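Some notes on the structure that comes next.
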Amino acid sequence: MLSYPTVRTSLIFLAIALVGLLFADIAITANNPWRDLGNFFLGVLTPNFFSSEGLLTALLRTVAFAFVGVTVGGVCGFFLALAYRFLPVRVFCGFIRAIHELFWALIFLQFFGFHPLTGVLAIAIPYSGIFAKVYSEILEEADPEPGRLLPPGTGTIAAFLYTRIPDCWVQLRTYTAYRLECG
236 MLSYPTVRTS
246 LIFLAIALVG
256 LLFADIAITA
266 NNPWRDLGNF
276 FLGVLTPNFF
286 SSEGLLTALL
296 RTVAFAFVGV
306 TVGGVCGFFL
316 ALAYRFLPVR
326 VFCGFIRAIH
336 ELFWALIFLQ
346 FFGFHPLTGV
356 LAIAIPYSGI
366 FAKVYSEILE
376 EADPEPGRLL
386 PPGTGTIAAF
396 LYTRIPDCWV
406 QLRTYTAYRL
416 ECG
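Converting from the sequence shown to the numbering used here requires adding 235 to each position, the first position being numbered 1.
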């Protein structure tokens, strides 16, 4: 049974998790956790809809996090999409998009605390991997014929910007708008 690589890998991860558990800070720091839990459920059952101070600020902050996070993720994802045919780039993008935004936020919360950078990075990092994968697929499906019609000596960057991007622009824009809505 230990001769299977997947079993060995799983046992190694289990051992690492158990060692990490020894150093984890899992103590409950609330003085009265049952009272706090009761207050939480009381707030759920009897919400105060007229308590709207700070609501507009929170809404604008949420939209700003989405815009900045998706913009950074889109730019990084576009450059990663250009190199997506290489295995290390695909593995890296698969790794960063496999971790949900909430977990990225919890990780960065430990480093930056309640800082705007926490929210922006929590959105931008997994979206970079998602954008890289989808953008590379869109660019790969572009019609190669316009590139063949260019005169000899046309630069690679110019050919890319004037043949591939216009052909894919609608799909790139549509997918980016969809991701902005998700952010």
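All C-beta atoms in this analysis are idealised placements derived from N, C-alpha and C, irrespective of residue type, glycine included. Given the structure is predicted, the values throughout are model-derived calculations rather than measurements.
Would you kindly check if the distance between the Cβ of phenylalanine 330 and the Cβ of tyrosine 370 is under 8 Å? Within the sequence shown, residue 370 is the residue found at index 135, counting from 1. Within the sequence shown, residue 330 is the residue found at index 95, counting from 1. Contact: no.
Do tyrosine 319 and cysteine 328 count as a contact pair if the criterion is CB distance below 8 Å? Taking the sequence shown and counting its residues from 1, the one referred to as residue 328 is at position 93. Taking the sequence shown and counting its residues from 1, the one referred to as residue 319 is at position 84. In this structure, cysteine 328 places its C-beta atom within 8 Å of the C-beta atom of tyrosine 319.
Measuring alpha carbon to alpha carbon, tell me which residue in Pro282, Cys417, Asn266 and Ala301 is nearest valine 355. As a first step, residue 355 is located in the sequence shown; it is residue number 120 there, counting from the start. Closest option to valine 355, Cα to Cα, is Ala301.
For my contact list, arginine 414 and phenylalanine 366 are in at a C-beta cut-off of 8 Å; report their separation, rounded to the angstrom. Along the sequence shown, read from residue 1 onward, the residue named residue 414 stands at position 179. Along the sequence shown, read from residue 1 onward, the residue named residue 366 stands at position 131. Contact holds; Cβ gap of about 7 Å.
Quick one: grab the DSSP three-state call for arginine 320. Position 85 of the sequence shown, counted from the start, is the residue given in the question as residue 320. Note: arginine 320 maps to coil in three-state DSSP.
Exposure of threonine 411, with buried meaning 16 or more beta-carbon neighbours within 10 Å: The residue you call residue 411 lines up with position 176 of the sequence shown. For threonine 411, the number of other beta carbons within 10 angstroms of its own is at least 16, and it is reported as buried.
Could you check the C-alpha separation between glutamate 376 and leucine 407 for me, to the nearest Å? Counting from one through the sequence shown, the residue named residue 376 turns up at place 141. Counting from one through the sequence shown, the residue named residue 407 turns up at place 172. When the Cα atoms are used, glutamate 376 and leucine 407 turn out to be separated by approximately 12 Å.
Aspartate 271: buried (16+ other C-beta within 10 angstroms of its C-beta) or exposed? Position 36 of the sequence shown, counted from the first residue, corresponds to residue 271. With fewer than 16 other CB atoms across the displayed protein chains lying within 10 angstroms of its CB, aspartate 271 is exposed.
Between the CA atoms of leucine 291 and alanine 252 - distance to the nearest angstrom: Here residue 252 corresponds to residue number 17 of the sequence shown, with the count starting at 1. Here residue 291 corresponds to residue number 56 of the sequence shown, with the count starting at 1. It is roughly 42 Å from the alpha-carbon of alanine 252 to the alpha-carbon of leucine 291.
Rounded to a whole number of angstroms, what is the C-alpha to C-alpha distance between phenylalanine 275 and leucine 249? Position 40 of the sequence shown, counting from 1, holds the residue named residue 275. Position 14 of the sequence shown, counting from 1, holds the residue named residue 249. The alpha-carbon of phenylalanine 275 is positioned some 34 Å away from that of leucine 249.
Terminal residues of the alpha helix (DSSP H) in which serine 287 lies: Residue 287 sits at position 52 when you count from the first residue of the sequence shown. For serine 287, there is no enclosing alpha helix (DSSP H), as DSSP marks it with neither H nor E.
For serine 238, is the classification buried or exposed, using 16 other Cβ atoms within 10 angstroms of its Cβ as the cut-off for buried? Numbered from 1 along the sequence shown, position 3 holds the residue referred to as residue 238. In this structure serine 238 is exposed. Its beta-carbon is surrounded by fewer than 16 other beta-carbon atoms within 10 angstroms.
Looking only at its own chain, which residues have a Cβ that is under 7 Å from the Cβ of leucine 280, when we skip the five neighbours before and after it? Mapped onto the sequence shown, residue 280 falls at position 45. The beta carbon of leucine 280 sits closer than 7 Å to none of the beta carbons in its chain outside the five residues before and after it.
8 Å Cβ cutoff met for isoleucine 358 and glycine 418: Here residue 358 corresponds to residue number 123 of the sequence shown, with the count starting at 1. Here residue 418 corresponds to residue number 183 of the sequence shown, with the count starting at 1. Against a cut-off of 8 Å, the Cβ pair of glycine 418 and isoleucine 358 comes out as a contact.
How many angstroms separate the CA atom of serine 286 from the CA atom of glycine 273? For the purposes of this step, residue 286 is taken as residue 51 along the sequence shown, with counting starting at 1. For the purposes of this step, residue 273 is taken as residue 38 along the sequence shown, with counting starting at 1. Taking the CA atoms as reference points, serine 286 sits about 20 Å from glycine 273.
Assuming serine 245 contacts leucine 315 under a Cβ cut-off of 8 Å, what Cβ separation, rounded to an integer in Å, is found between them? Taking the sequence shown and counting its residues from 1, one reaches residue 245 at position 10. Taking the sequence shown and counting its residues from 1, one reaches residue 315 at position 80. Contact between serine 245 and leucine 315 fails: their C-beta atoms lie close to 30 Å from each other, not under 8 Å.
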